[in-house]
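S.K.: Have a look at this one.
Residue numbers (my numbering), protein chains in the order written: chain A, 29 to 363; chain B, 29 to 363; chain C, 29 to 363; chain D, 29 to 363.
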């Protein structure tokens, strides 16, 4: 159950509401975000909803049968749009392409990709500076200095950027240089990290765990939201199954299911979803046709020479063609 | 390695070819289909290809590095089209919608759906008369009598029909009443059934096993082809994974991968792939966008009353809308 | 709900019982096996159990909440033992080792293994003559002639034999030469085959499907039982998962779970469960420690030269040691 | 390739070794642990091993074909034993039982369990104070104050303790109060956490990821080892599969495979592996029979009232019986 409070509330009114909730046998968790003040109430008892609804300070009450609450569309039917500024929005009808290399490698690389994105009308660049790697001996990214350079080039060109945060201690130093924090698949249930990202007023995109369920992804989002940050997106990037013909199995079913269960935007990552360059395009188009709110995709001037993930990365020509095909399908959907 | 023989060959010439193959250390399997005579040669030794290529009766030799051979696109690059007659083709640019109920229930039901299909311009009806069911106490279908009725209604209306065959002994009695034999997911590796379907000159659609690999599906097709039947289609219908939010996980990756590996048409079954009525349409559109050659989908006048699979079945209004959306995406792809 | 009928019943008494069941809104399925006459009643309505229990001809009524019925331990608490004759029993405290090659290759091979089994005190030999193979070009077994030879050697030495049946048409010709029909993993849901095996009075061992659930395995057993054959065993042989370090993932959990849910004996197949020769022994011992009623294991005089599955096959020395270790754990369990 | 250096080495000698490694085209990573100084060299070129082996300061060179290196048994054949002090060792023949509640709840609870463990001769207690929970609204553990109490009771009774660390910032405050840091399944690839645990001289037990591969678990261990901490154990706790009859699927195959691939001790967690109280014992015994070096198991005086995981927790009577059965199997193995 979610209680929406009036925007400005004095402490004693708020205390009265919390007391009333406890009295009916529910456990209240106050949540204050950029956009509102809520109390999430966990419990199962029957009670007279008017006893709470008529209290001073209570604007609205919603009963949510799911265990996750604030991210549920049973509470908030209207779809959320994430506004990155300068007219770049994601969700609720606004589709965004986010493209870039797996790893940021050099200023020349970033400059080249930024120019390609501008030519293609793409507004958001992806690129990793902190790289989670299975082996401790692999390249782990350019780190914060790489991010500063990446950010400077993007800002000089009006391009927004999304990059992965791996650790609590990185959140604050990254803050000034990014537009969206990405939580990677391996950190999808790093609850301390999620809690901390809830305290920051910057958009967060959470990738589904390597074998995470759709429900777990929603719970992970609930962590961030309930800690105070409503500016959230979810990303389907393929799951681990027995099939070995592709890197992951793209769970395309997750797109309509997530869009039914949550008001948050749903992004697809076709690069990781299949992991094979020549098949990224059909899989990307499938994601768009299934109703995704955006796409995040790996591109590189010369994929063969990429520092990581080259085997699933498109070059400029391939990506330019794909962007056109994506827009053609979006046109059909909106017709 | 596949050796294509001249169409009409006397026995001694053929024997000479087989001897020559054995001599270079390969195991020859002669294959005679509706369309050609081949020898599939299994082995790993190096040899001078001219020693075989120059033999009388040999038209062509293809080296195929995959373990499956005749279904491989490394041998036959041009895509196969299956011709059901009366202008109904599947594959190589021809897209077909196959729609109908999970189970054939009555003549009135078949008549009603056939009229709906005609209104929508759909040329192929699906419907089960032999039903594989987990529990022995469930409804197992109307059987051969049901098929005869189903067939009579379809033929009177110019509609082709596809239905599942579960058992060797059913192949012959079904022959006169069907246009495509469907091999169900649970029989995807019923090798005796596949062998026997190779001896019949009717198209066969093989569904991927419940947790079958893409490679196993290709091998199953190789069984039918190598037993003599080239008129084959493959069907992706979702695989079993840990995710419980949908009935199966639709492996959309399989579509571009199969289309790369084999010349056979690739069909998608969105009904089983997600198993939830309100999400069948986005998943179907994803399949089309990913490049499928056809779609097989469960529809019913009143899904709530269907004898089986009602929870994943579209009604007439929903299906008519979906067919339009499918055609819109096909138009974009061909533009 | 299972109604156990009196052993000898005239038709009109039986008809009266069936009528009474329909009257209370249940669907009756009469089942006649080697050992009893039952009516399985499927339905959900409430009724006065005495209305049925007091009818002439009714010996007993059991309510079974599972969807499978006759194989459930909620009905038959006492564990079933399968008697192969000559003192060879499986289940209800009697543990059996079944060992032999993947494929029967020659009379010399069978003779050698039979002697090894006799030296080790093993009473049952396994060996395939009809082999399901992914590729149509692989060796598919020695067939019925091989079985006749295999059977003759076993019978001359007091050894029982178990072998796979792949097809309805094989059941009758195999009947005189075998002691247990094995249903392979790929045929675990071949319902026509299961139905037909229900009509034969010989023990049947059903392997779990390659990615079959525990519940599906119980349903497959219900097919055989409800068609008339109570002499049934189940076999856990590993399931397909994402893990690639072993051939399959041995679901050891299935052993206590199956033993809780069904009265039928539960066998483990460590050879397929891990698929790596040097690790077969620890996995076999784990199966015994978890409570299995028997083990089926691949052995060969020279595994390196086996016609199939050599990589997971033990030689005589390895298997003799394992049999000793198994018996040591059985001794601890019975202490 | 692993180069073991002499224990005390001046900087210039070390620099010379690193230079020589770079010269042959390998990338050297110096590793200094509690027990030794190594250089891990990543590369693929051929070179004359004597060119490195004869350098001053080089004690030994081992070629390791796996991608993980320091945890590989190809380098260190002898099994590692972890010494917790006071005669409590794990690995290389020393088997340990670790038992306790999912969550630490109160001093009375800890006191009661400690007394039970002492009566049973168990030397290590488990218990969570930082709890990873899917939902942000669930109980997240007693935190550091709970740990201090837990630790005080254990130390007063000569019991060692293992508890989960979720976050880098927790490592240092926990240090004085624990004997083993546990890395939970959801943090199995939290590389920053693993790196940091490599800098601490306390044993670490890493649980396999919820759907982690065996190889990924070894890489995670390589992170800790290569950051400086050799005192490591691995834990198999069941993986996520399609099967819903148990909480997880216990990958018993992982035990012999891990023991073949690594010299580190391998622990089994039967409680999470099956998740059903009445079946924990057979699964635990299976783990012991398969060769595990230890077991970690959830027990509680009254599992029905446990703050978390009650459904998979044994009571005192059940656990005392299980401990006896475990020791009986250990006796057989050592006979």
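In this text, a Cβ means the ideal position worked out from N, Cα and C, and glycines have one as well.
On a predicted model such as this, the values are computed, not experimentally measured, just so you know.
Three or more C-beta pairs under 8 Å: does that hold for the region 100–117 of chain A against the region 275–295 of chain A?
M.R.: yes
S.K.: Among the residues of its own chain, which have a CB less than 8 Å from the CB of residue 63 of chain B, if the five just before and after it don't count?
M.R.: Counting from one through the second chain, the residue named residue 63 of chain B turns up at place 35. Excluding positions up to five away in sequence, the list reads 258.
S.K.: Given this structure, state the Cα-to-Cα distance separating residue 276 of chain C from residue 302 of chain C, to the nearest angstrom.
M.R.: In the third chain, counting from the first residue as 1, residue 276 of chain C sits at position 248. In the third chain, counting from the first residue as 1, residue 302 of chain C sits at position 274. When rounded, the distance between both Cα atoms is 6 Å.
S.K.: Short check: CB of residue 331 of chain C to CB of residue 312 of chain C, under 7 Å?
M.R.: The sequence position of residue 331 of chain C within the third chain is 303, counting from 1. The sequence position of residue 312 of chain C within the third chain is 284, counting from 1. Contact: no.
S.K.: Can you list, in chain order, the residues of its chain whose CB lies under 6 Å from that of residue 177 of chain D, leaving out five sequence neighbours each side?
M.R.: The sequence position of residue 177 of chain D within the fourth chain is 149, counting from 1. Cβ neighbours of residue 177 of chain D beyond the five flanking positions: 135.
S.K.: In three-state terms, what does DSSP make of residue 126 of chain C?
M.R.: Counted from its first residue, the third chain places residue 126 of chain C at position 98. Strand.
S.K.: Drop a sphere of 10 angstroms on the beta-carbon of residue 362 of chain D, count the other beta-carbons inside from all chains shown, and report buried for 16 or more, exposed for fewer.
M.R.: Residue numbering aside, residue 362 of chain D sits at position 334 when the fourth chain is read from its first letter. Classification for residue 362 of chain D: exposed.
S.K.: Pull up the DSSP beta-bridge partners for residue 277 of chain A, would you.
M.R.: Stepping through the first chain from its first residue, residue 277 of chain A is reached at position 249. For residue 277 of chain A, DSSP records a beta bridge to A:267.
S.K.: If you pair each beta-carbon of the region 213–226 of chain A with each one of the region 235–244 of chain A, do three or more pairs fall below 8 Å?
M.R.: Proximity of the region 213–226 of chain A to the region 235–244 of chain A meets the contact definition, three or more beta-carbon pairs being nearer than 8 Å.
S.K.: Rounded to the nearest angstrom, what separates residue 100 of chain C and residue 30 of chain C at their Cα positions?
M.R.: Along the third chain, one-based indexing puts residue 100 of chain C at 72. Along the third chain, one-based indexing puts residue 30 of chain C at 2. The straight-line gap from Cα to Cα measures roughly 10 Å.
S.K.: So what does DSSP say about residue 36 of chain A, is it helix, strand or coil?
M.R.: As a working note, residue 36 of chain A is residue 8 in the first chain. DSSP places residue 36 of chain A in coil when its eight states are reduced to three.
S.K.: Measure the CB-CB distance between residue 185 of chain A and residue 142 of chain A and report whether it falls below 7 Å.
M.R.: As a first step, residue 185 of chain A must be located in the first chain, where it is residue number 157. As a first step, residue 142 of chain A must be located in the first chain, where it is residue number 114. Cβ atoms of residue 185 of chain A and residue 142 of chain A: closer than 7 Å.
S.K.: Taking residue 201 of chain B as part of the alpha helix (DSSP H), name the residues at either end of that continuous run.
M.R.: Here residue 201 of chain B is taken as the residue at index 173 of the second chain, counted from 1. Per DSSP, residue 201 of chain B belongs to the alpha helix (DSSP H) from 196–202.
S.K.: Could you tell me the alpha carbon to alpha carbon distance between residue 35 of chain A and residue 89 of chain A, rounded to whole angstroms?
M.R.: Counting from one through the first chain, the residue named residue 35 of chain A turns up at place 7. Counting from one through the first chain, the residue named residue 89 of chain A turns up at place 61. Rounded to the nearest angstrom, the two C-alpha atoms are 15 Å apart.
S.K.: For residue 211 of chain B, which residues does DSSP report across the bridge?
M.R.: Taking the second chain and counting its residues from 1, one reaches residue 211 of chain B at position 183. Residue 211 of chain B is bridged to B:234.
S.K.: Is there a C-beta anywhere in chain C that falls below 7 Å from the one on residue 356 of chain D?
M.R.: Locating residue 356 of chain D in the fourth chain gives position 328, where the first residue counts as 1. For residue 356 of chain D, the answer is yes, since a Cβ of chain C falls inside 7 Å of its Cβ.
S.K.: Residue 43 of chain B by DSSP, collapsed to three states: which one?
M.R.: Here the question's residue 43 of chain B lines up with position 15 in the second chain. Note: residue 43 of chain B maps to helix in three-state DSSP.
S.K.: Taking residue 358 of chain C and residue 309 of chain C to be in contact with their CB atoms under 8 Å, please state how far apart those CB atoms are, rounded to whole angstroms.
M.R.: In the third chain, counting from the first residue as 1, residue 358 of chain C sits at position 330. In the third chain, counting from the first residue as 1, residue 309 of chain C sits at position 281. About 15 Å separates the two Cβ atoms, so there is no contact after all.
S.K.: Quick one: which chain D residues come within Cβ less than 9 Å of residue 99 of chain C?
M.R.: Along the third chain, read from residue 1 onward, the residue named residue 99 of chain C stands at position 71. By Cβ distance, chain D contributes nothing, its closest Cβ being about 15 Å from residue 99 of chain C, past 9 Å.
S.K.: CA-CA distance, residue 87 of chain A and residue 51 of chain A?
M.R.: Within the first chain, numbered from 1, the residue matching residue 87 of chain A stands at position 59. Within the first chain, numbered from 1, the residue matching residue 51 of chain A stands at position 23. C-alpha separation (whole angstroms): 19 Å.
S.K.: Under the assumption that residue 195 of chain C contacts residue 196 of chain B (Cβ atoms under 8 Å), give the Cβ distance between them as a whole number of angstroms.
M.R.: Residue mapping note: residue 195 of chain C aligns to position 167 of the third chain, counting from 1. Residue mapping note: residue 196 of chain B aligns to position 168 of the second chain, counting from 1. The pair is a contact, with the Cβ atoms about 7 Å apart (cut-off 8 Å).
S.K.: Bridge partners of residue 152 of chain B, per DSSP?
M.R.: Taking the second chain and counting its residues from 1, the one referred to as residue 152 of chain B is at position 124. B:126 and B:188, per the DSSP bridge assignment.
S.K.: Could you list which residues in chain B have their beta carbon closer than 9 Å to that of residue 244 of chain C, in chain order?
M.R.: Translated into positions along the third chain, residue 244 of chain C becomes position 216. Chain B residues near residue 244 of chain C: 162.
S.K.: Could you check whether the Cβ of residue 236 of chain B sits closer than 7 Å to any Cβ belonging to chain D?
M.R.: Here residue 236 of chain B corresponds to residue number 208 of the second chain, with the count starting at 1. Taking 7 Å as the CB threshold, residue 236 of chain B stays off the interface with chain D.
S.K.: Between residue 123 of chain C and chain D, is any beta-carbon pair separated by less than 7 Å?
M.R.: For the purposes of this step, residue 123 of chain C is taken as residue 95 along the third chain, with counting starting at 1. False, the Cβ-Cβ gap to chain D never drops below 7 Å.
S.K.: Ordered along the chain, which non-local residues of its own chain (more than five positions away) have a Cβ less than 6 Å from that of residue 53 of chain C?
M.R.: Start at 1 with the first residue of the third chain, and residue 53 of chain C comes out as number 25. Correct list, in chain order: 71 and 73.
S.K.: Give every residue of the same chain whose Cβ lies closer than 8 Å to the Cβ of residue 227 of chain D, excluding the five residues on either side of it in the sequence, and list them in chain order.
M.R.: As a position in the fourth chain, residue 227 of chain D is number 199, starting the count at 1. 255, 256 and 257, listed in sequence order.
S.K.: What residue does the alpha helix (DSSP H) around residue 66 of chain B start on, and which one ends it?
M.R.: Sequence index remark: in the second chain, residue 66 of chain B carries index 38 (1-based). Per DSSP, residue 66 of chain B belongs to no alpha helix (DSSP H); it is in the beta strand (DSSP E), 65–70.
S.K.: Residues bridged to residue 258 of chain C by DSSP?
M.R.: For the purposes of this step, residue 258 of chain C is taken as the residue at position 230 of the third chain. None, per the DSSP bridge assignment.
S.K.: Using a Cβ-Cβ cut-off of 7 Å, state whether residue 250 of chain B counts as contacting chain C.
M.R.: If you number the second chain from 1, residue 250 of chain B lands on position 222. Residue 250 of chain B counts as touching chain C.
S.K.: Going by the beta-carbon positions, is the gap between residue 315 of chain C and residue 118 of chain C smaller than 7 Å?
M.R.: Locating residue 315 of chain C in the third chain gives position 287, where the first residue counts as 1. Locating residue 118 of chain C in the third chain gives position 90, where the first residue counts as 1. Their beta carbons are not under 7 Å apart, which means residue 315 of chain C does not touch residue 118 of chain C by this criterion.
S.K.: How long is the line joining the alpha carbons of residue 93 of chain A and residue 274 of chain B, rounded to whole angstroms?
M.R.: If you number the first chain from 1, residue 93 of chain A lands on position 65. If you number the second chain from 1, residue 274 of chain B lands on position 246. Approximately 19 Å, taken between the alpha carbons.
S.K.: Taking only beta-carbon atoms, is residue 219 of chain A less than 7 Å away from chain D?
M.R.: Position 191 of the first chain holds residue 219 of chain A. Yes, its Cβ sits closer than 7 Å to a Cβ of chain D.
S.K.: Is it buried or exposed for residue 444 of chain A, if we count other Cβ within 10 angstroms and need 16 for buried?
M.R.: Beyond the ends of chain A as shown, which are 29 and 363, falls residue 444 of chain A; an answer cannot be given.
S.K.: I'd like to know whether the C-beta atoms of residue 318 of chain B and residue 280 of chain B end up nearer to each other than 7 Å.
M.R.: To locate residue 318 of chain B, count along the second chain from 1; it is residue 290. To locate residue 280 of chain B, count along the second chain from 1; it is residue 252. For residue 318 of chain B and residue 280 of chain B, yes; Cβs fall inside 7 Å.
S.K.: Just to make sure I have the definition right: I need the residues of chain C whose C-beta is within less than 7 Å of the C-beta of residue 268 of chain A. Which are they?
M.R.: As a first step, residue 268 of chain A must be located in the first chain, where it is residue number 240. Within chain C, the residues near residue 268 of chain A are 270.
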